[in-house]
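Visitor:
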Amino acid sequence: MKPLFPPTIALVALLAAPLAAQGNCPMQTTRHVPASTTIGPPQPCSGADYRIAEIEIRLTAGMCPSFVVYTPPHDYAVPSTQMTQVESIGAQAITMVTFRCVTRWLLFLPIGSTCEASRQMNVGAVHTLLTRPCATPGA
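Heads up: the sequence shown begins at 1446 in my numbering, then just goes up one per residue.
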């Protein structure tokens, strides 16, 4: 096997250094997603007022949802052209509230109904992310 000419070795080393540095950097940034509320199918019932985190839900008469899912504001990672990476700095719960229609009775006659929250639970989590520069080699 013939030994490599020294300038060829230097050229390969020069070209390989940026590729090695780029391999350690995921080149990502964050994209913000605002808070959202998803309302499930309605039940025939009177309206309701309910508060989840900073969102207040006011439902009109005749609309009692089977559930409401609240997703807080959060971030997700997307590709970037910069030498940056994302870091998770916190998590917040995705909240689901189920509702039921409670009928009021006078003896055996229904005289009205009320939409009531029956259960509140965490059904997942979303992250708050921060974009940071990638560490430079040799720094």
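We treat Cβ as the ideally placed atom computed from N, Cα and C, and that holds for glycine.
Suppose you measure from the CA of T1543 to the CA of P1518; what does that come to, to the nearest Å?
Guide: Roughly 21 Å separates the two Cα atoms.
Visitor: Looking only at its chain, what residues have a beta carbon closer than 8 Å to the beta carbon of A1536, apart from the 5 residues adjacent to it on each side?
Guide: A1570, V1571, H1572, T1573
Visitor: Going by the beta-carbon positions, is the gap between M1528 and C1470 smaller than 8 Å?
Guide: When the beta-carbon positions are compared, M1528 and C1470 come within less than 8 Å of each other.
Visitor: Provide the residue span of the beta strand (DSSP E) that contains P1524, from first to last.
Guide: 1519-1524
Visitor: Taking the DSSP output, what are the residues bridged to T1573?
Guide: G1535
Visitor: Give the secondary structure of N1469 by DSSP, where H, G and I count as helix, E and B as strand, and everything else as coil.
Guide: Coil at N1469, not helix or strand.
Visitor: Rounded to a whole number of angstroms, what is the C-alpha to C-alpha distance between C1560 and C1579?
Guide: 52 Å
Visitor: Under 8 Å, Cβ to Cβ, is there at least one residue of chain B near S1511?
Guide: Protein chains in the displayed structure number just one, and chain B is not present.
Visitor: Hey, out of R1549, F1512, T1548, Q1530, whose CA is closest to M1566's CA?
Guide: F1512
Visitor: State the CB to CB distance for the pair T1474 and T1576, rounded to an integer number of angstroms; the pair is presumed to be in contact (CB under 8 Å).
Guide: 5 Å
Visitor: Would you say Y1437 and T1482 are within 8 Å of each other, going by their C-beta atoms?
Guide: With the chain represented from 1446 up to 1584, any question about residue 1437 goes unanswered, as that position is not in the structure.
Visitor: Counting along the chain, where does the beta strand (DSSP E) carrying S1481 start and finish?
Guide: 1481-1484
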